[in-house]
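Just so we're aligned, residue 82 is where the sequence shown starts under our numbering, counting upward by one. Just so it is clear, CB atoms sit at the ideal spot from N, CA and C, and this is done for glycine as well. Below is one structure, written out as structure tokens; comments come after it.
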Amino acid sequence: MLLESPLGVPSALVDARPAAVLVALFPEEGETHLVLMKRPDSAPSHKGEISFPGGNRSSNDSNLRETALREAHEEVGISPEAVEVLAELPTIGTVKGAFAITPFVGFISERPALVADPREVDEVFTVALSELLHPETWHSERWDLWGEEFDMSFYLLENETVWGATARILTGLLVALTEF
82 MLLESPLGVP SALVDARPAA VLVALFPEEG ETHLVLMKRP DSAPSHKGEI SFPGGNRSSN
142 DSNLRETALR EAHEEVGISP EAVEVLAELP TIGTVKGAFA ITPFVGFISE RPALVADPRE
202 VDEVFTVALS ELLHPETWHS ERWDLWGEEF DMSFYLLENE TVWGATARIL TGLLVALTEF
């Protein structure tokens, strides 16, 4: 059953480029894990950042759900047929407003065989939701950007820091799961 976001695209993001990501969840050793990846330093945007698999909507995609599934397949090898899409989370914008990102939460019944496309991904890895829920993993900072103040979330993982839009999506997911 797909739960859709009742919010639609916020009006401030109407001119932003539509994009979608897949928050791929799977069970392993009694815990739920999710898939993250590191973008290469050669990427046109978000160089070296940690993100969910995903990207811009293609003219061949009939909707953003297809975008998320296609990009996850291209970037990290997740078969669209293996994913049960459970929910569409609220669309968020990047701080500069260039992208309107719609996250889709998908469940995979077992750990997927993850294969990074070296043109788009430096590394693909997984993290347990329980690790993200540790109080010492998360912190927030107040940033002043272009004369506006923003709360920036950070997740300090073993070897990487998740921040920006990916951290905001993670926070929304974790809040929704803990309130469920």
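Through-space distance from ARG223 to SER160, alpha-carbon basis | 39 Å
What are the start and end residues of the beta strand (DSSP E) that includes ARG98?
-> 98-109
PRO108 burial status per 10 Å Cβ neighbour count (16 or more: buried) | exposed
Would you tell me roughly how many angstroms separate the C-alpha atoms of MET233 and GLY245, rounded to the nearest one?
-> 7 Å
Can you tell which of PHE206, THR183 and ARG200 has the C-alpha that lies nearest to the C-alpha of PRO193?
-> PHE206
So with Cβ pairs under 8 Å, would you call ALA181 a contact of chain C?
-> Although the question refers to chain C, the structure presented lacks it and comprises just one protein chain.
In angstroms, rounded to a whole number, what distance separates the CA positions of LEU132 and GLY111?
-> In the sequence on display, residue 132 carries Ser and not Leu. Computed Cα separation, rounded: 24 Å.
Among VAL104, ARG120, ALA168 and VAL157, nearest to LEU210 - alpha-carbon criterion | VAL104
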